[in-house]
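Inspection log for the structure reproduced underneath, given as structure tokens.
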Amino acid sequence: QGSILDSYKKTEGAWINAHQQSYKANTAEECAVRCEVEKKFTCRAFLFFSKNEWCLTLSRTSKRTQIFKTINSVLYEKKVYLLECKKGKGEDYRGTKDRTQKGVLCQKWVDSALHKSNFTPENYPHAGLEENYCRNPNGNENGPWCFTTDPATRLDYCSIPECEVECMQCNGEDYSGKVSRTESGFECQRWDAQEPHMHGFLPKNFPEKDLKMNFCRNPDGDLRPWCFTTSPNKLWEYCDIPRCTTPPPTSQLGYQCLSGNGKDYRGKIAITESGIACQHWSSQLPHRHRHSPENYPCKGLDENYCRNPDGKKRPWCYTTTNTTRWQYCSIPQCSQSASQTTDEDISRQSASPEECYRERGLDYRGTASFTITGKKCQAWNSMLPHRHNRTEKNFPKADLRENYCRNPDNDTAPWCYTTVPTVRWEYCNLQKCHYGEPLVSLEPPFSSLEPGTEMTCIIGNGKDYRGAVAKTNSGRTCQEWSSQEPHHHSYLTPETHPRSGLDKNYCRNPDEDINGPWCYTTDPQKVWEYCEIPKCAPFQQECGKPKRKPRRCQR
Amino acid sequence: AVNGCASVPHSWPWQISLRTRTNTHLCGGTLIDPQWILTAAHCLERSSVPYTYRIFLGLHTAKAVEPSVQVREVKGIFQGPFGADIALLKLSSPAMIADQVIPVCLPEDNLMIGSRTECFATGWGQVKGAGGDNVLKQTNLAVIENKACNSSEFLNGRVKKFELCAEPINGCTDTLQVESGGPLVCLVQDRFVQYGIISGGFGCAPPKKPVFVRVSSYTSWIKNIMRTN
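Chains as they are written, first to last, in the working numbering: chain C, 3 to 557; chain G, 958 to 1186.
What follows is the structure, encoded as structure tokens:
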């Protein structure tokens, strides 16, 4: 049946500035209904404040809308307004393209001064004839169009890309199509499944690789998209994806300095950070390798220049010495003038990590990259999954490198956008430095991996239990924590208790019940019950917890 | 360790030194229970007699001069199934758990660790130029998915599903002495869990064989041996 919220994109901790209407609402669903029937304007999004039982319907959202971070609100955006691509003839296109394929500005649909027509919002109330955006109210075969502001041209089509890219550029690392069979016909295994093949390409570890469903993808920089197969006898196979006939995006032109992980670096530095000359990419001596310019046509593998064709931390190269296969290169950051870069600067760039912050953490320059609830940070130069303006360009002094926790906007502590699409940002898993404490603390700056990975027995009241038992001690099946059926429990959800490991329907102890983990049951007659989970042996209770915290190596 | 550094003393308190009766260091290993040690099977090639080995626990320096050092005899050797490079050693008497001697956690049975996960390998192998040649060293590594590891020109198809690859995070500068039997541990929630045993080629030069035994493939076997012995 689905929920009314299915057609919305949910983002926690977000706010957009738009014309708005305020309502009282107990749930996000109630607010969605308000949005659907909004009379004062076309409702494209709404903000829900659960603490205040209040919501705002909003007139504006699009991929270009600036989003601000907040603490208590959840933003719901209608997905249809976020798509800047068309499906089929584009009758449902509600994007903001406002120029024709020749670049001429469109005439507003309500405006008939230049070109008169019957295509008005009044005559076509469901065709989305807003502003001067390209639309297809008459189901034209050639897709969305508009009346132009050129007196000589009454109307023209707009160049709107197709939503489903079914061809691939380069090695298909950006392929986002839906092919899910391999070249010899095997059906692909879902990326989030571990059967029939166990694997380490966990979607959460590759947030930028779009490992959805069982679609062919290329998360490891292979020659082309592939997938694990559902055949127990065939681990993986390439998929047959056609190459796009259009050239790759112009961003391939690249940088002459280091931006992000340097995948677009196209400069001419050809020496490693320890001073070894680089091997030519087209050569197999002294090191045999497969990063040839032929295998990787879009990676700029020219001469022996430092490059990052495989998503490493920085540009690198195979070296010309036998004993050192590869090494990173020192490339000046784009925020600095190359001519001004000194050895001292480079040394500072790779300085030791700081794992606590002082005051508000404005000068925190460490490498922590996980949030307080264990979510991985989104890279500052990435707009996925969250688009934002906290970029290196806008905040040049904030050291917005990689996905490291920072405080560019004078917040109360270092924070980052998360790689979880539904959680826009969070504060980082960092502690404030105590007075006199060295900047390098003993706490490693990383957080949890995956729930369910370790403790299969319980310690104390079992609040840290993350095992996969999902039956109560009387054998009843547990209800999923994210479900409100058959038992409504809005107080204890994965959203309200993000650190309690409320995954699937596993037994947990989010309220620290002294008798241990429990769950809501799927039996309508029994709301909840304890689970029978063995107690950890005494030595297990302390396993893996050193009294003296290890510290990362400093370069 | 490759491109590693000296560790904070006793920050890897499960690390043990497997030695001969004349106290010569042979391999690394880990304490997984007060009376059980996990190591690589090939470390035990020279003898199958338990009492030819000794286990040193609670040490930071290779000389083992710290007051925290505990020494135990080995009373049982259990080789891994199907010729896997994994072995369990039963101590003659349980180690005393202390700040310097704490067991590492084991992963859940057959749990796959995600590619890109950051982990640490530790051992007393030489670290050229990084100082601390006689103390326990560490290096941080990123897990590589087997499919990607198998696609490399040197390991083409040779990595099995019960093995695990990882590569240095800070870049390769040299190939240095390996530390067989030692652990690859990864932080899960607030505990270190051992996902790998250092087994084969390890470093920047082309590895000759996969580098780690995948511990989660043998969790059931480990627990079964400990339960029945």
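Every residue gets a Cβ at the ideal spot worked out from N, C-alpha and C, and that includes glycine.
Helix, strand or coil at residue i according to DSSP, with G and I counted as helix
{"i": "glycine 90(C)", "result": "coil"}
{"i": "glutamate 31(C)", "result": "helix"}
{"i": "tyrosine 1008(G)", "result": "helix"}
{"i": "asparagine 1107(G)", "result": "helix"}
{"i": "isoleucine 1154(G)", "result": "strand"}
{"i": "glutamate 1120(G)", "result": "strand"}
{"i": "valine 1170(G)", "result": "strand"}
{"i": "leucine 1001(G)", "result": "helix"}
{"i": "isoleucine 516(C)", "result": "coil"}
{"i": "glutamate 38(C)", "result": "helix"}
{"i": "glutamine 1146(G)", "result": "coil"}
{"i": "aspartate 1131(G)", "result": "Bear in mind that a pLDDT of 41 at aspartate 1131(G), under 50, signals an unreliable position, so the number given afterwards is only what the model happens to contain. Reduced to three states, the DSSP call for aspartate 1131(G) is coil."}
{"i": "phenylalanine 1013(G)", "result": "strand"}
{"i": "phenylalanine 1077(G)", "result": "strand"}
{"i": "glutamine 543(C)", "result": "helix"}
{"i": "isoleucine 278(C)", "result": "coil"}
{"i": "phenylalanine 48(C)", "result": "strand"}
{"i": "leucine 7(C)", "result": "helix"}
Residue environment, residue i, which counts as buried when at least 16 other CB atoms sit within 10 Å
{"i": "arginine 245(C)", "result": "exposed"}
{"i": "threonine 979(G)", "result": "exposed"}
{"i": "leucine 563(C)", "result": "Summary: the structure shown does not reach residue 563(C), with chain C confined to residues 3 through 557, and so no result is reported for it."}
{"i": "methionine 170(C)", "result": "buried"}
{"i": "tyrosine 1008(G)", "result": "exposed"}
{"i": "aspartate 1056(G)", "result": "exposed"}
{"i": "arginine 156(C)", "result": "exposed"}
{"i": "valine 1006(G)", "result": "exposed"}
{"i": "glutamate 175(C)", "result": "buried"}
{"i": "tyrosine 83(C)", "result": "buried"}
{"i": "arginine 62(C)", "result": "buried"}
{"i": "serine 24(C)", "result": "exposed"}
{"i": "histidine 490(C)", "result": "exposed"}
{"i": "glutamate 305(C)", "result": "exposed"}
{"i": "glycine 1086(G)", "result": "Bear in mind that the predicted position of glycine 1086(G) carries a pLDDT of just 47, short of 50, making it too unreliable to give a figure here."}
{"i": "glycine 964(G)", "result": "For the record, residue 964(G) in the displayed sequence is serine; it is not glycine. The residue in question, serine 964(G), is buried, as its Cβ has 16 or more Cβ neighbours within 10 Å."}
{"i": "methionine 1069(G)", "result": "buried"}
{"i": "histidine 21(C)", "result": "exposed"}
Own chain, CB closer than 6 angstroms to residue i, minus 5 neighbours either side, in chain order
{"i": "proline 311(C)", "result": "His293, Tyr298 and Lys301"}
{"i": "tryptophan 328(C)", "result": "Trp318 and Tyr320"}
{"i": "lysine 265(C)", "result": "Asn310"}
{"i": "threonine 13(C)", "result": "Leu77 and Arg426"}
{"i": "proline 205(C)", "result": "Trp193, Asp194 and Leu213"}
{"i": "arginine 1148(G)", "result": "Cys1062"}
{"i": "proline 552(C)", "result": "none"}
{"i": "leucine 494(C)", "result": "Pro512"}
{"i": "proline 1051(G)", "result": "Pro991 and Gln992"}
{"i": "serine 182(C)", "result": "Cys190, Asn216 and Phe217"}
Close beta carbons around residue i, own chain, < 8 angstroms, minus the five adjacent residues each side
{"i": "asparagine 1186(G)", "result": "Gly1033, Phe1035 and Lys1047"}
{"i": "lysine 81(C)", "result": "Ser9, Tyr10 and Lys11"}
{"i": "isoleucine 1054(G)", "result": "Pro991 and Pro1060"}
{"i": "glutamate 38(C)", "result": "Ile6 and Cys45"}
Where the beta strand (DSSP E) containing residue i begins and where it ends
{"i": "isoleucine 1179(G)", "result": "Here isoleucine 1179(G) belongs to no beta strand (DSSP E); instead the alpha helix (DSSP H) covers 1176-1185."}
{"i": "lysine 11(C)", "result": "10-18"}
{"i": "isoleucine 1034(G)", "result": "1027-1036"}
{"i": "glutamate 531(C)", "result": "530-532"}
{"i": "tryptophan 1081(G)", "result": "No beta strand (DSSP E) holds tryptophan 1081(G); DSSP gives it neither H nor E."}
{"i": "tyrosine 25(C)", "result": "22-26"}
{"i": "lysine 562(C)", "result": "Residue 562(C) is absent from the model: chain C starts at 3 and stops at 557."}
{"i": "asparagine 1097(G)", "result": "1094-1101"}
{"i": "alanine 1019(G)", "result": "Counting along the chain, alanine 1019(G) falls outside any beta strand (DSSP E), and DSSP gives it neither H nor E."}
{"i": "cysteine 308(C)", "result": "That residue, cysteine 308(C), is in no beta strand (DSSP E); it is neither H nor E in DSSP."}
7 angstroms Cβ shell around residue i - same chain, five flanking residues per side excluded
{"i": "glutamine 1146(G)", "result": "none"}
{"i": "serine 502(C)", "result": "Arg510 and Pro512"}
{"i": "proline 139(C)", "result": "Phe121, Tyr126, Ala129 and Leu131"}
Residues that residue i contacts on chain D, provided the C-beta gap is smaller than 9 angstroms
{"i": "phenylalanine 1149(G)", "result": "Here chain D cannot be found, since the structure's protein chains are C and G."}
May I have a chain-ordered list of the beta strand (DSSP E) segments no shorter than 3 residues that lie completely inside the stretch 203-260 of chain C?
Taking only runs of at least 3 residues, the beta strand (DSSP E) segments lying wholly in the stretch 203-260 of chain C are 228-230 and 238-240.
Where in the stretch 962-999 of chain G do unbroken runs of the beta strand (DSSP E), each at least 3 residues long, occur, reported from the N-terminal end onward?
With a minimum length of 3 residues, the continuous beta strand (DSSP E) runs that stay inside the stretch 962-999 of chain G are 972-977, 982-990 and 993-996.
Starting from the N-terminal side, write out each stretch of the alpha helix (DSSP H) that is 4 residues or longer and does not extend beyond the stretch 353-437 of chain C.
For the alpha helix (DSSP H) assignment, the stretch 353-437 of chain C encloses no uninterrupted run of at least 4 residues.
Where in the stretch 83-167 of chain C do unbroken runs of the beta strand (DSSP E), each at least 3 residues long, occur, reported from the N-terminal end onward?
Listed in chain order, they are 147-149 and 157-159.
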